[in-house]
Ligand code: NAP
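Numbering (our numbering), first residue to last: 1427 to 1712.
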């Protein structure tokens, strides 16, 4: 069994990005990312701070825009319009979730698709589905990068994706289809989850239920990717982050498995930097 080390790979990717940003700077282009945070959700603040830190380390200019919890949708849309028109900004990320009085879909659609480094705009979603090159959501993109790094080609594999959110499961499914895996997709209404997961050569889980995948749900020799991140508030793992896979009992059955933490999580930020670099290059047709 091999542990897929997303932490080490993310550092490697970040170094590659730094080299590329250094090259671009010689031509007078500094990739720029704007991160918009509405409200004061502590988890969102932590994510935004770590995104800013990673940008700086990779030579990417980052601008943090904070708005009060009660900011109107109109003000937010106005701010996004200004960022769309700002040539020093190549990527725009609106930290989710937004307060309830704001229409998230409307806000995401207001971002210029060429600056949509989260890959959530319908135009980019459409291009992913049709197999066109585009900005792709960071977490599933990070999963594909891990697979590539370890020489795991999804082509022809029986893959099972558990979870169908717009940010994780659906784009993951489309990337696997584009890579010509045979994909089974499961969600909360799937009748017999185990019947599907236990047939998979490649099992990718992004649900948000700690340790939901047990050894009897996994095929011997499978490649298992754990996207779930759950902070435990009770029991043996109190205060720790755990995934959706019961790593301790499942790992021995796998050929490859991602840990939590240190698996998919660090790759998500690395892919955000990568998307920002791609958007900057696209802006000058590189
Ligand atoms: P989400 O929007 O809540 O979606 C969860 C998905 O799981 C839904 O599609 C849901 O099905 C499905 N589901 C719920 N219960 C299920 C069950 N018993 N059996 C099978 N499927 C079930 O969550 P998300 O935003 O996609 O995030 C999922 C997990 O990934 C969370 O732990 C989150 O923290 C983590 N995450 C990690 C990263 C990273 O960087 N590693 C990034 C994003 C998210 P329905 O659609 O039918 O309700």
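All C-beta atoms in this analysis are idealised placements derived from N, C-alpha and C, irrespective of residue type, glycine included.
Assign residue i to buried or exposed, taking buried as 16 or more other Cβ atoms, counted over all protein chains shown, within 10 Å of its Cβ.
| i | result |
| --- | --- |
| residue 1556 | exposed |
| residue 1446 | buried |
| residue 1550 | buried |
| residue 1480 | buried |
| residue 1427 | exposed |
| residue 1670 | buried |
| residue 1710 | exposed |
| residue 1577 | exposed |
| residue 1468 | exposed |
| residue 1694 | buried |
| residue 1396 | A question about residue 1396 goes unanswered here, because the residues of the chain that appear run from 1427 up to 1712. |
| residue 1456 | exposed |
| residue 1454 | exposed |
| residue 1511 | exposed |
| residue 1665 | exposed |
| residue 1622 | buried |
| residue 1560 | buried |
| residue 1507 | exposed |
| residue 1626 | buried |
| residue 1531 | exposed |
Within this structure, are the beta carbons of residue i and residue j separated by less than 8 angstroms?
| i | j | result |
| --- | --- | --- |
| residue 1590 | residue 1611 | yes |
| residue 1547 | residue 1558 | no |
| residue 1566 | residue 1605 | no |
| residue 1641 | residue 1599 | no |
| residue 1585 | residue 1609 | yes |
| residue 1440 | residue 1699 | yes |
| residue 1653 | residue 1630 | yes |
| residue 1691 | residue 1656 | no |
| residue 1489 | residue 1458 | yes |
| residue 1705 | residue 1543 | yes |
| residue 1515 | residue 1509 | yes |
| residue 1595 | residue 1552 | no |
| residue 1619 | residue 1588 | yes |
| residue 1432 | residue 1572 | yes |
| residue 1501 | residue 1462 | no |
| residue 1639 | residue 1672 | yes |
So, under 8 angstroms CB-CB, residue i and residue j are touching, yes? Tell me the CB distance rounded to an integer number of Å.
| i | j | result |
| --- | --- | --- |
| residue 1464 | residue 1524 | 6 angstroms |
| residue 1683 | residue 1650 | 5 angstroms |
| residue 1702 | residue 1537 | Not a contact, Cβ separation roughly 13 angstroms. |
| residue 1491 | residue 1460 | 6 angstroms |
| residue 1644 | residue 1614 | Residue 1644 to residue 1614, Cβ: 20 angstroms. No contact. |
| residue 1541 | residue 1517 | 6 angstroms |
| residue 1435 | residue 1646 | Wrong, their Cβ atoms sit about 26 angstroms apart, outside the cutoff. |
| residue 1687 | residue 1658 | Incorrect: roughly 12 angstroms between the Cβ atoms, too far for contact. |
| residue 1628 | residue 1570 | No, residue 1628 and residue 1570 are not in contact; Cβ-Cβ is about 11 angstroms, not under 8 angstroms. |
| residue 1466 | residue 1495 | 6 angstroms |
| residue 1497 | residue 1444 | Contact doesn't hold; Cβ gap of about 34 angstroms is too wide. |
Starting from residue i, trace the alpha helix (DSSP H) in both directions and tell me its first and last residue.
| i | result |
| --- | --- |
| residue 1448 | 1432-1452 |
| residue 1572 | 1564-1575 |
| residue 1474 | 1468-1483 |
| residue 1621 | 1619-1623 |
| residue 1599 | 1595-1604 |
Return the first residue and the last residue of the beta strand (DSSP E) that residue i is part of.
| i | result |
| --- | --- |
| residue 1490 | 1487-1493 |
| residue 1557 | Note, residue 1557: premise wrong, no beta strand (DSSP E); not H, not E. |
| residue 1585 | 1584-1588 |
| residue 1608 | 1608-1612 |
| residue 1460 | 1458-1464 |
Does residue i come within less than 8 angstroms of chain B when only Cβ atoms are used?
| i | result |
| --- | --- |
| residue 1536 | This model lacks chain B altogether; it includes just one protein chain. |
Pick out the complete beta strand (DSSP E) segments inside the segment 1629-1699, 3 residues or longer, and give them in chain order. List check, beta strand (DSSP E) in window: 1648-1652, 1680-1683.
If we require 3 or more residues per run, which beta strand (DSSP E) segments fall completely within the segment 1503-1549? 1517-1520
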